[in-house]
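Note that this note's numbering has the sequence shown beginning at 121, numbered continuously upward. Accompanying notes for the structure given below.
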Amino acid sequence: MPSLEISTVMFDLGDTLFEPLNSKFIKKNLEDVAHTVNFNNGTLELLSEFRITRNRIEHELSASNLTFYLHREFIGKVLVSMFESFGYSIEVKVVEQFCDAQRDAVIANLRPRKDCVTTLERFRALGYKLAIVSNIDDEWLEPIKEHWNLDRFVDGVLSSEEARSCKPDSSIFFQACRMIDVHPQQVIFVGDSAVNDVAGSRNVGMNPIWFDAGGTKPGHESTPSITELSELEDIIAPEAIRREMRFSDN
């Protein structure tokens, strides 16, 4: 099949279009759990261990045959695994309380990156279709989508819960394409995860761009990377900009 013209940009949500949740909220929620189970090894260690455990379990899940799980189940698994590594058992009700607290913190405090809106508006003005594809539960996504009026900027938003598929599973990417009627080859996919976003989108024929806010080396040398959303225009849109300029000149 001949290569198709790029017509669409899809984005991951958390840590890509939106800033990471401030660690003070995660720390507070971990402190509450630590207090409940009489954990006394220090919250700074817990915060670091939570991040390490999260990365480990994310890679384990992506390497397994499990194609779908709720985000609530994922962060609950991280919490339980982390405390088990210190010899502590966590009751189900404590896990649920932590998951609720994390959800509430995200809904109340997640913020778009400074160039998020301008980037989306610019690409829409250039004629691109836009979509958001996120490994997130609807109870998290819907309040965020409504509060920030995301439907105003994009043609579709797909959660892993709605898709019953989690990145890097192929199904969620194909469903996103059907949602806005595009072929995978026509899609640029922008995300911060080398596994879920870069490898996952590439596996279905999309064109990944790694959002690397920290400026570290990309997991795939052939994959373009950006540190700010505004850099996308220089990579994706030069031809569209030239067409726009020719049209305005006429």
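Beta carbons: idealized from backbone N, C-alpha and C, even for Gly. Remember, it's a predicted structure, so these values are computed and weren't measured experimentally.
For VAL157, the three-state secondary structure derived from DSSP is coil. For VAL237, the uninterrupted alpha helix (DSSP H) segment begins and ends at 236-245.
When the five nearest sequence neighbours on each side are left out, no beta carbon in the same chain lies closer than 7 Å to the beta carbon of VAL212. A contact between stretches requires three or more CB pairs, one per stretch, nearer than 8 Å, and the stretch 304-314 meets this requirement with the stretch 133-145. The closest CA to that of ILE256, considering only SER127, ILE126, ASP135, is found on ASP135.
By the Cβ test, the stretch 300-308 is not in contact with the stretch 263-271, since fewer than three Cβ pairs between them sit closer than 8 Å. In the same chain as LEU167, and ignoring 5 residues on each side of it, the C-beta atoms closer than 7 Å to its own belong to SER143, ILE146, LYS147, LEU150, in chain order. Counting along the chain, the unbroken beta strand (DSSP E) around VAL277 starts and ends at 276-279. Taking C-beta separations shorter than 7 Å and ignoring five residues to either side along the sequence, the partners of SER201 in its chain run THR173, ILE177, following chain order. In the DSSP annotation of this structure, the continuous segment of the alpha helix (DSSP H) that includes PHE218 starts and ends at 212-229. In the three-state reduction of the DSSP assignment, GLY320 falls in the helix class, which pools H, G and I. Under DSSP, ASN327 shares a beta bridge with ILE308. Judged by DSSP secondary structure, LEU352 falls within the alpha helix (DSSP H) whose first and last residues are 352-356. Straight-line measurement puts the Cα of VAL157 at about 41 Å from the Cα of ASP235. Sixteen is the threshold: when 16 or more other Cβ atoms of the shown chains lie within 10 Å of the Cβ of THR128, as they do, the residue is buried. Of the residues assessed, SER209 falls on the exposed side of the cut-off, its CB having fewer than 16 other CB atoms within 10 angstroms. By the neighbour-count criterion, in which 16 or more other beta carbons inside 10 Å mark a residue as buried, HIS191 falls on the buried side. DSSP places VAL302 outside both helix and strand once states are collapsed to three, so it counts as coil.
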